[in-house]
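Asks: Take any residue in the sequence shown, note its place counting from 1, add 158, and you have its number in my numbering.
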Amino acid sequence: MTRAGYGLADTGRGNFVDASRSRSRRLILSQKDMVNLRIVEDRPTPKQVYGWRPYFCASIACWASVLIGYDGEFGLDKSRSDFLSANIVSCYQAGCFFGALSGYVLGHYLGRRWGMLAACVIFIVGGVLQTVASASTGLGIMYAGRAIAGLGVGICSNLSPIYLAEISPPAIRGRLIGIYELGWQIGAVIGFWVPYGVALNIAPSMKQWRVPFGVQIIPGGVLALGTFILTESPRWLASRGHGVKALKNLAWLRNLPRDHPYVVEELAEIEAAIRSDEANAGPGIAGPMKTLFTSKKYMYRLFLSVMLFAMQNGTGINAINYYHVPDLHQSLQLTTDAPTVFKSIGVSGTNTGLLTTGIFGLVKFAGAVVWLLWLVDHVGRKPLLIGGSVGGAFCMYWIAIYIAVADPIAHPSTTLSPGGTSALVAFFVWTIFYSPTWNGSPWVFGAEVMPTFIRAATQAFISASNWLFAFLISRFTPQMFSAMGYGVYLFFASLMVCSIPIVYFIIPETSGIPLEGMDELFALPARKAHGIVKKQLIALHAERSAVQQVEKDNFDDLFLKEGSV
């Protein structure tokens, strides 16, 4: 018998189960997660479910994050290209903003698979326009290309994570979504190093900026081709009334026969979840939006999620991605003919800034790996955010103090002073503090605090807010460096300091708390909520365990009596 007829509740991992029969099991699993710091199965699962098929689909879908990472990070030193300007950067961010919002609509009507294909086509068109732009065509083609490419990137930033969440078995869902984050960082590393390789191997010409713009088409093309062999999300198919196709796709993803109890039960849960979504928010795309904006508690959680992204951009990350490394390079007076800390590996001259950028990308990638494999589940959200702000602010203040005292631009030198070396080291230490803390934690928080029936809608707004803040920072960073000098570093350091009390007093810790505990979590003071709810879960777990033991003993007694008759 399937569970379609039972009352259903969300496990917090995106799947629905029988609320009357498995609440205690979910609480036991949640407590184990908190104590053992590992993900466990929510029900007995055949080993075939963890085969190659979900990883294969994830490896294709994660090309979306590679193109996001590459297109968001590459760029030539602005002194080397007439086309790299604040307008070009901000056009891209504006396109991402509208793409994130439109991805919600595309995903609803076209599905996850064809929605990603549409995003790839849009992205490739933008990439081609950027590549063919020239002085004769004017900056208009470049602006249009960046905006169109950003539109495709924004759509992918919405649809790809949703697709991964919907096809993943619960026990490895975090791992597959983690592959998405790794793809983002891999794309960023490639985006940082391609301009450096171009500068080393191609003489100054239009090719020096056309090659990086052209390379971005590759991940978009790979993803576009991959969508033709992707398996569509069973949940989306079921939501559109294609139950037979949903069963076929789910059975393929789980590597089990269509009539296997595991597949039948999971599809019943999906269909029941869809009915629950429609009952809570209404059918279509407008219902979840209306529910989100008419509910104070959900609006408050959306506000906190958006605020986290505002504070993430307040660390200065997007200023660093687009402008910081060249400006730090100039501020420290790493002149074109001066020996530097990188001379020992044979790099000098104007390539130093690009090499510094590449090293920044590698450090950022390493930090993301540490975050995914250990920190986010072992340490929790709040300690990471607070620790990242404390360490990052110290590094920014150190750089600002050095530039203010030494004024290396006014006193240029052919060698890097000890103070300049310490400032350069502080920059990389800042990266170490940022990447495993503020880089991914806001995304996790936004996904954890929202119920399933409005999660897709809130994901669109959360993604859009990230691109909006990135647009504002990247648009005005050049003017800030021109007008404020070392004050830019003081500005971002101070914003990081301001984030510390906000996170401590307003943002609740969400790690290890199932979705059914979120209402209680947000009803309590943020700095105490996690401990209180955790104790409630432990107490409820003990009570449920006692009841289960009594029921088991009664069943055993009845079985023995019947057997003796």
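For each residue, glycine too, the CB sits at the ideal point set by N, CA and C.
#1: Can you look up Asn471 in the DSSP assignment and give me helix, strand or coil?
#2: Just the C-alpha distance for Ala704 and Val691, rounded to the nearest angstrom, thanks.
#3: Can you name the start and end residues of the alpha helix (DSSP H) that Arg211 belongs to?
#4: Using three-state DSSP, classify Leu414 as helix, strand or coil.
#5: Could you say which of Val602, Ala562, Gly474 lies nearest to Ser547 if we only look at CA atoms?
#6: Taking a contact to mean a Cβ-Cβ separation below 8 angstroms, would you say Ala258 touches Leu268 in this structure?
#7: From the DSSP output, in three-state form, read off Leu388 for me.
#8: Roughly how many angstroms separate the alpha carbons of Val661 and Pro541, rounded to a whole number?
#9: Do Cys220 and Gly341 have their C-beta atoms closer together than 8 angstroms?
#10: I'd like to know whether the C-beta atoms of Thr616 and Gly598 end up nearer to each other than 8 angstroms.
#11: Which residues in the same chain have their Cβ closer than 7 angstroms to the Cβ of Asn476, if we skip the five residues on either side of it in sequence?
#12: Let's see if you can read the secondary structure: which residues bound the alpha helix (DSSP H) around Ile478?
#13: Taking the Cβ atom as the reference point for each residue, do Phe650 and Arg685 lie within a distance shorter than 8 angstroms?
#14: Tell me the rounded alpha-carbon separation between Ala584 and Ile557.
#15: Is the region 303 to 320 close to the region 275 to 294, with three or more CB pairs under 8 angstroms?
#16: Note down the Cα distance separating Glu427 from Leu466, rounded to an integer number of angstroms.
#17: Write down every uninterrupted run of the alpha helix (DSSP H) in the region 399 to 471 whose length is 4 residues or greater and which is fully enclosed by it, in chain order.
#18: Short of 6 angstroms in beta carbon distance, which residues of its chain neighbour Val646, apart from the five on each side in sequence? Order them along the chain.
#19: May I ask you to verify whether the region 319 to 326 touches the region 289 to 309, counting CB pairs closer than 8 angstroms and requiring at least 3?
#20: Whole-angstrom Cβ separation of Ala396 and Ile432, contact assumed at under 8 angstroms?
#21: Where do the ends of the alpha helix (DSSP H) carrying Leu653 lie?
#22: Count the other CB atoms within 10 Å of the CB of Thr452; is the residue buried (16 or more) or exposed (fewer)?
#23: When the distance is taken between beta carbons, is Met469 closer than 8 angstroms to Ser657?
#24: Curious, which full-length alpha helix (DSSP H) runs of at least 4 residues does the region 519 to 589 contain?
#25: State the start and end residues of the unbroken alpha helix (DSSP H) segment that holds Leu322.
#26: Roughly how many angstroms separate the alpha carbons of Val207 and Trp410, rounded to a whole number?
#27: What number of angstroms, rounded off, separates the C-alpha of Lys454 from the C-alpha of Ala437?
#28: Taking only the alpha-carbon atoms, compute the straight-line gap between Gly105 and Asp565 and give it to the nearest angstrom.
#29: One question on the structure: do Gly525 and Ile478 come within less than 8 angstroms of each other, judged by their Cβ atoms?
#30: Looking at the secondary structure, which residues open and close the alpha helix (DSSP H) in which Ile631 lies?
#31: By the 10 Å Cβ neighbour count, where 16 or more other Cβ atoms means buried, how is Pro419 classified, buried or exposed?
#32: Taking buried to mean at least 16 other C-beta atoms within 10 Å of its own C-beta, is Ser292 buried or exposed?
#33: Decide if Thr668 is buried, meaning its Cβ has at least 16 other Cβ atoms within 10 Å, or exposed.
Replies: So, to answer that:
#1: Helix.
#2: CA-CA distance, Ala704 to Val691, rounds to 20 angstroms.
#3: 210 to 219
#4: Three-state DSSP puts Leu414 in coil, outside helix and strand.
#5: Gly474
#6: no
#7: coil
#8: 9 angstroms
#9: yes
#10: The answer is no: Cβ separation not under 8 angstroms.
#11: Counting only Cβ-Cβ distances below 7 angstroms, and skipping sequence neighbours, we find Ala628, Ile631, Ser632.
#12: Element bounds for Ile478: n/a, residue is neither H nor E.
#13: no
#14: 7 angstroms
#15: The region 303 to 320 vs the region 275 to 294: in contact.
#16: 33 angstroms
#17: With a minimum length of 4 residues, the continuous alpha helix (DSSP H) runs that stay inside the region 399 to 471 are 401 to 412, 419 to 439, 444 to 452.
#18: Met638, Phe639
#19: They do not touch, by the three-pair rule.
#20: 6 angstroms
#21: For Leu653, the enclosing alpha helix (DSSP H) covers residues 645 to 664.
#22: exposed
#23: yes
#24: 539 to 564
#25: 297 to 325
#26: 10 angstroms
#27: Whole-angstrom Cα-Cα distance: 19 angstroms.
#28: Given that the chain is displayed from residue 159 to residue 723, the structure contains no residue 105 and the question cannot be resolved.
#29: Not in contact: Gly525 and Ile478 (Cβ atoms no closer than 8 angstroms).
#30: 610 to 642
#31: Exposed, by the Cβ-count rule.
#32: exposed
#33: buried
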